[in-house]
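Take a look at the structure below.
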Amino acid sequence: MESAGSSSSPGISTTLTLPPTAKLLSCRVLDTVHQPVRRARFEVTDPIGRGVVSGETDPYGGFTAAVPEGEYRLTVTAEGYAPFHGATLVGGGAQPGTAEIVLDPVEPPLLPQPGHWEIDPAHSAIAFSARHIGLARIHGRFNTFAGAVRIAERMEESSMHVIIDAASIDTGLRMRDDHLRSADFLDAVRHPTLEFYSERFIHRSGSRWTVAGALTLHGVSRSVTLDTEYLGAGTGMEGEPRAACRASTELQREDFALNWQSMLAQGIAAIGSSVEVRLDVQIVHKA
Numbered sequence: 019m020e021s022a023g024s025s026s027s028p029g030i031s032t033t034l035t036l037p038p039t040a041k042l043l044s045c046r047v048l049d050t051v052h053q054p055v056r057r058a059r060f061e062v063t064d065p066i067g068r069g070v071v072s073g074e075t076d077p078y079g080g081f082t083a084a085v086p087e088g089e090y091r092l093t094v095t096a097e098g099y100a101p102f103h104g105a106t107l108v109g110g111g112a113q114p115g116t117a118e119i120v121l122d123p124v125e126p127p128l129l130p131q132p133g134h135w136e137i138d139p140a141h142s143a144i145a146f147s148a149r150h151i152g153l154a155r156i157h158g159r160f161n162t163f164a165g166a167v168r169i170a171e172r173m174e175e176s177s178m179h180v181i182i183d184a185a186s187i188d189t190g191l192r193m194r195d196d197h198l199r200s201a202d203f204l205d206a207v208r209h210p211t212l213e214f215y216s217e218r219f220i221h222r223s224g225s226r227w228t229v230a231g232a233l234t235l236h237g238v239s240r241s242v243t244l245d246t247e248y249l250g251a252g253t254g255m256e257g258e259p260r261a262a263c264r265a266s267t268e269l270q271r272e273d274f275a276l277n278w279q280s281m282l283a284q285g286i287a288a289i290g291s292s293v294e295v296r297l298d299v300q301i302v303h304k305a
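The numbering used here numbers the first residue of the sequence shown as 19 and each following residue consecutively.
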């Protein structure tokens, strides 16, 4: 198989040689009008579900992988399209060439109706994790928070305001939580709340949105962007309108003057600088 380009530089070959046992699995992912679907996610597994290879399609909707001869399962997913699941035989009596996979578009979920909504804490979670001594991650959450969302006629003009009780931090270990509440970290006595305010809802594609705003933490305000997936609207047990989303972001502790640090003998930080934040939110329409 020849490479996509060539080079006159010495020591760089223009030909890739496959091992004798390798076969090529090649596909193109297209939409219903036969346009390539870029950056579609594909995963190839063996018949019992073990991962073999995964990745994203190229700008022409294609992907090629070298695999041993045999039978495989193929899954292709892309934002705004129904997932594809299929089986394929590589090598043996299989026909060489590039197979085409056509993805069917799906309608994005209906947006919540305009008006005032409130976060339902009983069905929502604000969680975080940080690296501990360069190994596993510490996981925690905030147990007490409240928030309001104003849904505008144009979703892009909506706004939200969330207030979090700093003292409600919970990692499952009282001694550690007391330290996180202290002046070394959140300083919950002087800064009892964390607040996030946004009035920028940016539609990316399908059910994906960017929510950009300002987070005030430890008395310091910084711009923060939430990568958000809208999950749709529905009706609760008592007939109340509800809507839900998932969101995530990554914060740097030093950006909010959370500079406490302890180093191990090997020069490894006891707690990593980056903090991953994940939100699962349900909102309820306020009559």
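Every residue, glycine too, gets a C-beta built ideally from N, C-alpha and C.
Computed from a prediction, not measured in an experiment: that's the story for all the values here.
For residue i, which three-state DSSP category applies?
{"i": "Ala283", "result": "Because the pLDDT of Ala283 is 42, which lies under 50, any placement of that residue in the model is unreliable, and the question is left without a value."}
{"i": "His141", "result": "helix"}
{"i": "Thr35", "result": "coil"}
{"i": "Ser225", "result": "coil"}
{"i": "Arg296", "result": "strand"}
{"i": "Phe203", "result": "coil"}
{"i": "Gly208", "result": "The identity of residue 208 in the sequence shown is Arg, whereas the question assumes Gly. Correct three-state label for Arg208: coil."}
{"i": "Glu171", "result": "coil"}
{"i": "Arg194", "result": "helix"}
{"i": "Asp309", "result": "As shown, the chain starts at 19 and ends at 305. That puts residue 309 outside it, with no answer to give."}
{"i": "Ala184", "result": "helix"}
{"i": "Glu87", "result": "coil"}
{"i": "Ser291", "result": "strand"}
{"i": "Val70", "result": "strand"}
{"i": "Glu118", "result": "strand"}
Roughly how many angstroms lie between the CA atoms of residue i and residue j, to the nearest whole one?
{"i": "Ala154", "j": "Thr228", "result": "29 Å"}
{"i": "Asp183", "j": "Pro139", "result": "12 Å"}
{"i": "Ile119", "j": "Cys45", "result": "7 Å"}
{"i": "Ser25", "j": "Glu61", "result": "Per-residue confidence for Ser25 stands at a pLDDT of 46, beneath the threshold of 50, marking its modelled position as unreliable; the derived number appears in the next sentence. In a straight line, the C-alpha of Ser25 is about 31 Å away from that of Glu61."}
{"i": "Leu297", "j": "Tyr215", "result": "15 Å"}
{"i": "Gly254", "j": "Trp135", "result": "14 Å"}
Using only CA atoms, which one of the options lies nearest to residue i?
{"i": "Phe102", "options": "Ile144, Leu48 and Pro86", "result": "Leu48"}
{"i": "Ser266", "options": "Glu74, Asp195, Val71 and Phe146", "result": "Phe146"}
{"i": "Ala105", "options": "Glu125, Leu43 and Pro126", "result": "Leu43"}
{"i": "Arg57", "options": "Pro65, Ile66, Ser72 and Arg68", "result": "Ser72"}
{"i": "Ala166", "options": "Ala100, Ile137 and Ala185", "result": "Ile137"}
How many whole angstroms separate the CB atoms of residue i and residue j, which I take to be in contact at a CB cut-off of 8 Å?
{"i": "Val55", "j": "Gly79", "result": "5 Å"}
{"i": "Pro123", "j": "Thr50", "result": "7 Å"}
{"i": "Glu272", "j": "Ser291", "result": "6 Å"}
With hydrogens ignored, establish whether the beta-carbon of residue i is closer than 7 Å to any heavy atom of the ligand NAP.
{"i": "Gly254", "result": "Only the bare structure without any ligand can be found here, which leaves the ligand NAP out of the picture."}
Stretch pair the segment 247 to 259 + the segment 127 to 144: three plus CB contacts closer than 8 Å: Segments in contact, yes.
Sufficient close CB pairs (3 or more, under 8 Å) joining the segment 220 to 227 to the segment 87 to 103: Verdict: yes, contact present.
contact_flag[the segment 188 to 199, the segment 162 to 173] where n(CB pairs < 8 Å) is 3 or more: Result no; under three Cβ-Cβ pairs closer than 8 Å.
Validate contact between the segment 202 to 212 and the segment 234 to 242 using beta carbons, cut 8 Å, 3 pairs: The segment 234 to 242 and the segment 202 to 212 touch, with three or more beta-carbon pairs separated by less than 8 Å.
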